[in-house]
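Visitor:
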Amino acid sequence: MRLDTRHFGTIEIDEKGIINFSEGLPGFEHVRQFVLLGSDEQLPFKWLQSVDEPELAFVVVDPFCIRKDYDITLEDAVLEKLGIKGPEDVLVYSIVVVPEDTSRMSMNLKAPVVINVKNNKGMQVILDTDEYSVRHYILEELQRQEVGGYACSDEKKGAVHCHK
Amino acid sequence: MLVLTRKKEQSIVINDDIEITVLDIQGDQVRIGINAPKNVSIHRKEVFLEIQEENKRAAEVKNVPLKNFLNNK
Chain G
1 MRLDTRHFGT IEIDEKGIIN FSEGLPGFEH VRQFVLLGSD EQLPFKWLQS
51 VDEPELAFVV VDPFCIRKDY DITLEDAVLE KLGIKGPEDV LVYSIVVVPE
101 DTSRMSMNLK APVVINVKNN KGMQVILDTD EYSVRHYILE ELQRQEVGGY
151 ACSDEKKGAV HCHK
Chain V
1 MLVLTRKKEQ SIVINDDIEI TVLDIQGDQV RIGINAPKNV SIHRKEVFLE
51 IQEENKRAAE VKNVPLKNFL NNK
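Chains as they are written, first to last, in our numbering: chain G, 1 to 164; chain V, 1 to 73.
1. Against chain V, with Cβ distances strictly below 9 Å, would Thr73 (chain G) count as a contact?
2. Does any residue of chain V bring its CB to less than 9 Å from the CB of Thr10 (chain G)?
3. Counting only beta-carbon separations shorter than 9 Å, does Ser11 (chain V) have a partner in chain G?
4. In the DSSP assignment, what residue or residues form a beta bridge with Ala36 (chain V)?
5. Give me the Cβ distance between Ile138 (chain G) and Asn55 (chain V), rounded to the nearest whole Å; I'm assuming they're in contact under 8 Å.
6. Out of G:Asn120, G:Val60 and G:Val35, which one is the CA nearest neighbour of Asp14 (chain G)?
7. Given a limit of 8 Å on CB to CB distance, which residues of the region 45–62 of chain G reach chain V?
8. Inspect the CB distances between the region 106–119 of chain G and the region 69–86 of chain G and report whether three or more fall short of 8 Å.
9. Once the 5 residues before and after Val97 (chain G) are set aside, which same chain residues still bring their CB inside 6 Å of it?
10. Take Glu80 (chain G) as the anchor and find which of V:Phe69, V:Ile25 and V:Lys38 has the nearest alpha-carbon.
11. Going by beta carbon distance, what residues of the same chain come within less than 8 Å of Ala58 (chain V), once the five residues before and after it are set aside?
12. By the criterion of Cβ-Cβ separation under 9 Å, what are the contact partners of Glu83 (chain G) in chain V?
13. Indicate whether Glu41 (chain G) and Lys67 (chain V) have their beta-carbon atoms separated by less than 9 Å.
14. Along chain V, in chain order, which residues have C-beta atoms closer than 7 Å to that of His7 (chain G)?
15. Cα-Cα, which of G:Ala57, G:Val113 and G:Lys46 is closest to Lys62 (chain V)?
16. In chain order, what residues of the same chain lie with their CB nearer than 8 Å to the CB of Gln10 (chain V), ignoring the 5 residues before and after it?
17. With a threshold of 8 Å on Cβ separation, who are the neighbours of Ile25 (chain V) within its own chain once the five nearest residues in sequence on each side are excluded?
18. Residues of chain V with CB closer than 7 Å to the CB of Leu165 (chain G), please, in chain order.
If you want it as structure tokens, here you go:
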């Protein structure tokens, strides 16, 4: 399927990779289908590209790469809506705001995008916690950790709890 | 907007499967209990609005050079 996107020009996407957000995203409730795009050079960033509105795309990042101790619990309502059986079904991304001054780039840890890889259903989940906010400055988070740059490991999956 | 007045411990039923109960009233605070099916999301409005706003900011991203952005930081 062909998309005329704002950031990538005209691209071909695999319809099997389309993720369905049955409620859209807060502020974009009418936008229901997305694909995840990105090149290795841009990692850990990816793009959540809208299929219904090709002009619309969000930069997203794997939050565990930036904040190794990110720890979230998905409530029943989320598990039901996405048909999640356990943490192994789940992919988590944070939406990134990229201002003119890119050093002020921030990610939303309060409302992660959660995708069930088994059925390609997704939603933006509002966490019931005061521990995280909608704006965590990425460079500050990285500086806070011992390692100088970002580091993604497989341990990250352990920090998603499924509340059943 | 439908406006109803309730006293403590009185309830409102929506769609026959959502129930909202006024549990307690203390000064200018109302404690509200909500019974709803597991797949219904419930949030404080200001939290929802905050996320809407942040998503709109995120959608304004211009064509930024993300390539290797974090490798030297």
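Ideal placement from N, C-alpha and C gives every residue a C-beta, glycine not left out.
Guide: Straight from the coordinates:
1. Within the first sequence, numbered from 1, the residue matching residue 73 (chain G) stands at position 73. No, because no Cβ of chain V sits closer than 9 Å to the Cβ of Thr73 (chain G).
2. Here residue 10 (chain G) corresponds to residue number 10 of the first sequence, with the count starting at 1. So, not an interface residue.
3. The residue you call residue 11 (chain V) lines up with position 11 of the second sequence. Answer no: the Cβ-Cβ gap between Ser11 (chain V) and chain G never drops below 9 Å.
4. Against the second sequence, residue 36 (chain V) aligns to sequence position 36. Beta-bridge pairing links Ala36 (chain V) to no other residue.
5. As a first step, residue 138 (chain G) is located in the first sequence; it is residue number 138 there, counting from the start. As a first step, residue 55 (chain V) is located in the second sequence; it is residue number 55 there, counting from the start. Their Cβ separation, rounded to whole angstroms, is 17 Å, which puts Ile138 (chain G) and Asn55 (chain V) out of contact at 8 Å.
6. Reading the first sequence from its first residue, position 14 is the one you call residue 14 (chain G). Closest by alpha carbon: G:Val35.
7. Against chain V - using a Cβ distance shorter than 8 Å - the residues of the region 45–62 of chain G are Phe45, Leu56, Ala57, Phe58 and Val59.
8. At 8 Å Cβ cutoff, the stretches touch.
9. Position 97 of the first sequence, counted from the start, is the residue given in the question as residue 97 (chain G). The residues are Ser106.
10. Here the question's residue 80 (chain G) lines up with position 80 in the first sequence. Out of V:Phe69, V:Ile25 and V:Lys38, V:Lys38 has the C-alpha closest to the C-alpha of Glu80 (chain G).
11. Along the second sequence, read from residue 1 onward, the residue named residue 58 (chain V) stands at position 58. Closer than 8 Å at Cβ, skipping near neighbours: no residue.
12. Mapped onto the first sequence, residue 83 (chain G) falls at position 83. Reading off the sequence shown, one finds Gly at residue 83 (chain G), where the question assumed Glu. Under the 9 Å cutoff, chain V gives no residues; its nearest Cβ is about 11 Å from Gly83 (chain G).
13. As a first step, residue 41 (chain G) must be located in the first sequence, where it is residue number 41. As a first step, residue 67 (chain V) must be located in the second sequence, where it is residue number 67. Closer than 9 Å, so yes.
14. Sequence index remark: in the first sequence, residue 7 (chain G) carries index 7 (1-based). Neighbours of His7 (chain G) on chain V, chain order: Asn63.
15. By one-based count along the second sequence, residue 62 (chain V) stands at place 62. For the residues G:Ala57, G:Val113 and G:Lys46, the minimum Cα distance to Lys62 (chain V) belongs to G:Ala57.
16. Residue 10 (chain V) sits at position 10 when you count from the first residue of the second sequence. Once the five neighbours on either side are set aside, the close Cβ partners of Gln10 (chain V) are Thr21 and Val22.
17. Position 25 of the second sequence, counting from 1, holds the residue named residue 25 (chain V). The answer, listed in chain order, is Lys8 and Arg31.
18. Past the boundaries of the shown model lies residue 165 (chain G); chain G is included only from 1 to 164, so the question cannot be answered.
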